[in-house]
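Numbering (the numbering used here), first residue to last: 1346 to 1685. Beta carbons are placed, not taken as given, at the ideal position from N, Cα and C, and that holds for glycine. The structure presented is a predicted model; accordingly, all values stated were derived computationally and were not measured.
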Ligand SMILES: C[S@@+](CC[C@H](N)C(=O)[O-])C[C@H]1O[C@@H](n2cnc3c(N)ncnc32)[C@H](O)[C@@H]1O
């Protein structure tokens, strides 16, 4: 009798032979990885492999629980076992420790919070909007703002080199306006790279709690200022040369973006550059796009927008030379550059 190939139950494909495995295994996979991040388990292995007993002691956890967690993390490819010792795989070290290229541990800590919020997805779908937006939740639970900003900071560390490569900063540019600038890492990076620039970061107070100290640490307190508040209440001024609208448009409705882009245009010097970073609605990453749109419905009640929408808003605001750059890998989204 021919043997049926067993489905890989760790992949959420909808094709598992036992229907509940397709629900249960992705849940356990997410839960185990998030828990490893919360316990500092991946970071504890940065110095080298450890036995389950040594690891348990280092992360202040029970030997029994640690053994069960590491066994599962080996099974899903996040750890390797050699004899009695456990080590991070190359990919875990690269993405979830301080020794790697980018440490997405803040993303694990944020996903722990998002996990609880996902519990109200059915109610959100029924209503068509969230009972409470993320921004409202951040006022009620002040620990959420810094966690979210730290997660955005990890993305920014990943995106930073792409931005530097693709954003042409002319010698005459002086003033950078970083809208929804959060952690401040993009402003810091550009001010470090271009000594003629100063920057103003606009964001809600909940997003800026750690930004001042980060700017101090970078020695840029004299060149980067913070403006706590919403874009809707921002006093725009008129001297901006470079404006960042990075991953902010998907937090706003079409009308809000149309208005913001017009106000951005009015606030810019001729020849200035607007840089938008976004996950454009109609790319080929269907599952990721659809998942992100569902997350936005739940968290902020907003959505991603189409490339044509950005072009229409930009042209109506007097921008020209609109250029779209799709980043590699495609999961990094797209840049839209436009000249004033
Ligand atoms: C997805 S994060 C992106 C952060 C950063 N620009 C980056 O690319 O890493 C969106 C940011 O926009 C801010 N934001 C959203 N709506 C806003 C509004 N109406 N006024 C000011 N900031 C807003 C959020 O607080 C958050 O910091």
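Neighbourhood of residue i by C-beta distance below 6 Å, restricted to the same chain and skipping five residues each side
i	result
residue 1680	1511, 1622 and 1670
residue 1573	1550 and 1553
residue 1348	In this prediction, residue 1348 has a pLDDT of 44, which is less than 50 and means its spatial position is unreliable; nothing more can be read from the coordinates.
residue 1683	1619, 1659, 1664 and 1667
residue 1563	1533
residue 1662	1606, 1607 and 1610
residue 1350	Residue placement at residue 1350 cannot be trusted, given a pLDDT of 49 that sits under 50; what the coordinates show is reported in the next sentence. Correct list: empty, nothing qualifies.
residue 1388	1442
residue 1386	1404
Residue i beta carbon near ligand 1 (any heavy atom closer than 8 Å)
i	result
residue 1574	yes
residue 1581	no
residue 1455	no
residue 1585	no
residue 1625	no
residue 1589	yes
residue 1577	yes
residue 1707	What is shown of the chain runs 1346 to 1685, which leaves residue 1707 out entirely.
residue 1501	yes
residue 1465	no
residue 1524	yes
residue 1634	no
residue 1547	yes
residue 1527	yes
residue 1552	yes
residue 1520	no
residue 1531	yes
Identified DSSP bridge partners for residue i
i	result
residue 1427	1430
residue 1613	1585
residue 1622	1591 and 1680
residue 1573	1548
Proximity below 9 Å, CB of residue i to CB of residue j
i	j	result
residue 1555	residue 1495	yes
residue 1632	residue 1648	no
residue 1571	residue 1546	yes
residue 1407	residue 1423	no
residue 1457	residue 1569	no
residue 1492	residue 1383	no
residue 1417	residue 1373	yes
residue 1596	residue 1643	no
residue 1528	residue 1559	yes
residue 1452	residue 1499	yes
residue 1524	residue 1591	yes
residue 1411	residue 1404	yes
residue 1431	residue 1475	no
residue 1548	residue 1582	no
Chain-order list of residues whose beta-carbon lies under 8 Å from that of residue i (same chain, five-residue window excluded)
i	result
residue 1521	1532, 1535, 1536, 1542, 1543, 1544, 1545, 1585, 1586, 1587, 1588 and 1589
residue 1517	1586 and 1616
residue 1463	1643
residue 1677	1503, 1504 and 1507
Heavy atom of ligand 2 within 8 Å of residue i beta-carbon
i	result
residue 1593	Among the ligands modelled here, namely ligand 1, ligand 2 does not occur.
Cut-off 7 Å between Cβ atoms - residues of its own chain near residue i, not counting five sequence neighbours on either side
i	result
residue 1638	1648 and 1649
residue 1448	1441, 1442 and 1499
residue 1363	none
residue 1655	1621 and 1681
residue 1501	1528, 1530 and 1531
For this session: Just list the alpha helix (DSSP H) runs in the stretch 1433 to 1514, keeping only unbroken ones of 4 residues or longer that don't cross its boundaries, in chain order.
Result: 1435 to 1441, 1450 to 1462, 1466 to 1472, 1479 to 1485 and 1489 to 1511
Problem set entry | Whole alpha helix (DSSP H) elements within the stretch 1516 to 1559, 4-residue minimum | 1530 to 1538
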